[in-house]
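Residue numbers (numbering that gives the first Met the number 0): 0 to 282. The beta carbon of each residue, even a glycine, is placed where N, CA and C say it ideally should be. The model shown is predicted, which means the values in this text are computed figures rather than measured ones.
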Amino acid sequence: MNVAKTIAEVRAARWQDPLRTWGLVPTMGALHEGHLALVRHARAENDRVGVSIFVNPIQFNRRGDLDAYPRQLERDLALLEAEGVDLVWTPDEDEVYPPGFQTYVAVETITQVLEGAARPGHFRGVTTVVAKLFNVFEPARAYFGQKDAQQVAVVRQMVRDLGFNLEIVVGPTVREPDGLALSSRNRLLGPDERQAALVLYHALTAAQDIWQRGVRDGSALRETMRAIIGAEPLARLDYVSAADPITLQELHNEADRVLLSLAVFVGRVRLIDNLLLGDGANE
Ligand code: PAF
Numbered sequence: 000m001n002v003a004k005t006i007a008e009v010r011a012a013r014w015q016d017p018l019r020t021w022g023l024v025p026t027m028g029a030l031h032e033g034h035l036a037l038v039r040h041a042r043a044e045n046d047r048v049g050v051s052i053f054v055n056p057i058q059f060n061r062r063g064d065l066d067a068y069p070r071q072l073e074r075d076l077a078l079l080e081a082e083g084v085d086l087v088w089t090p091d092e093d094e095v096y097p098p099g100f101q102t103y104v105a106v107e108t109i110t111q112v113l114e115g116a117a118r119p120g121h122f123r124g125v126t127t128v129v130a131k132l133f134n135v136f137e138p139a140r141a142y143f144g145q146k147d148a149q150q151v152a153v154v155r156q157m158v159r160d161l162g163f164n165l166e167i168v169v170g171p172t173v174r175e176p177d178g179l180a181l182s183s184r185n186r187l188l189g190p191d192e193r194q195a196a197l198v199l200y201h202a203l204t205a206a207q208d209i210w211q212r213g214v215r216d217g218s219a220l221r222e223t224m225r226a227i228i229g230a231e232p233l234a235r236l237d238y239v240s241a242a243d244p245i246t247l248q249e250l251h252n253e254a255d256r257v258l259l260s261l262a263v264f265v266g267r268v269r270l271i272d273n274l275l276l277g278d279g280a281n282e
């Protein structure tokens with residue numbers, strides 16, 4: 000496995016054989032089964048697999064969150080090596096944002112709600128770094144997890160708007176046996192908080208139950224999730240949403256598809272989760 004630091008090293012490895020197709024899995028490290036599932040998906044669909052590991056400072060809007068983000072490069076590299084990854088980019092901050100950096104990519108409308116409203120500037124940081132990753136690797140396909148549903152919608156919008164020549168592939172959310180969605184932040188939870196964190200999945204599946212029984216009213220779906228989160232003493236609701244999966248506008252009328260999503264503080268740890276229901280849903 001080739002581990003590159005600079006853009007020049009990535010390009011040299013990437014273009015060794017121009018006829019090979021590349022799949023890219025962008026990550027911030029602290030890898031878990033969710034990332035590895037995306038790597039395997041990329042492995043199955045491409046000749047070569049590249050992974051980036053970069054804790055992107057400009058997508059964090061709270062310094063404490065950036066500092067607390069788990070970092071474990073040696074372990075990550077060992078996991079990727081075992082998956083047969085061809086190339087890993089682990090750039091220093093200056094390589095991604097050289098001195099004098101002043102060019103950003105911003106998707107305007109669908110970034111105003113949900114995670115975008117709760118974390119101003121977050122998606123501008125994501126799209127800027129993802130655009131740079133696409134330029135550096137020039138992959139045929141890039142792999143993202145459904146766990147970050149809004150990120151998927153925003154990156155897809157950017158790819159459409161700017162004409163990036165690649166396919167976005169979305170992998171299903173990987174969960175613990177009890178339903179908790181895998182996240183690098185889960186390791187920041189204490190034992191009681193880990194138990195309380197199940198409330199996200201319980202809220203989503205309760206709303207899914209009423210959807211399956213025919214309830215199509217966005218307010219009823221949101222209210223069901225809100226009530227379940229409200230009953231967990233260690234949890235504090237940030238937002239709850241039942242929205243159109245593409246425009247991310249809250250549903251008020253009947254719809255065939257809905258993206259249920261929520262963000263909840265469990266102790267000091269902010270967790271997100273979602274379920275896509277209806278036509279074309281992947282869960
Ligand atoms: O999902 C993530 O881990 C990050 O937002 C990404 C896509 C690697 C960009 O920094």
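Taking C-beta atoms as the reference points, S51 and P25 count as a pair closer than 7 Å. Judged by beta-carbon spacing, R225 lies beyond the 7 Å limit of F264, meaning their Cβ atoms are not closer than that value. Between the ligand PAF and the CB of N60, the shortest heavy atom gap is not smaller than 6 Å.
When distances are taken from the beta-carbon of D147 to the heavy atoms of the ligand PAF, the shortest one is below 6 Å. Distances from the CB of N55 to the heavy atoms of the ligand PAF include at least one below 6 Å. Less than 7 Å divides the Cβ of Q150 from the Cβ of V125. Within the same chain, no Cβ atom closer than 8 Å to the Cβ of E107 is found once the five residues on either side in sequence are excluded.
Between F122 and V153, the gap from beta carbon to beta carbon is short of 7 Å. A residue is called buried once 16 or more other Cβ atoms fall within 10 Å of its Cβ, and W14, having fewer, is exposed. In chain order, M27, G28, L65, Y68 and R70 place their CB closer than 8 Å to the CB of V54, counting only its own chain and leaving out the 5 sequence neighbours on each side. Annotation for M157 indicates a beta carbon at 6 Å or more from all heavy atoms of the ligand PAF. Taking the Cα of P17 as reference, the smallest distance to any Cα among R47, R193, I228 and R140 is reached at R47.
At the C-beta level, L250 and G277 stay beyond 7 Å of one another. Only residues of its own chain outside the window of five on either side were considered, and among them T126, T127 and A130 have a CB closer than 6 Å to the CB of V104, listed in chain order. The way I'd put it, the stretch 182–199 does touch the stretch 254–269; three or more beta-carbon pairs between them come closer than 8 Å. G144 places its beta carbon less than 7 Å from that of G33. G49 is bridged by DSSP to L23 and L86. Taking C-beta separations shorter than 6 Å and ignoring five residues to either side along the sequence, the partners of V135 in its chain run I6 and V9, following chain order. For M27, the Cβ falls inside the 6 Å cut-off from some heavy atom of the ligand PAF. DSSP lists no beta-bridge partner residue for G120. If you ignore the 5 residues before and after L233, its C-beta comes within less than 7 Å of the C-beta of D191, E192, A195, V265 and G266, all in its own chain and listed in chain order.
One Cα belongs to R269, the other to L165, and the distance between them is close to 32 Å.
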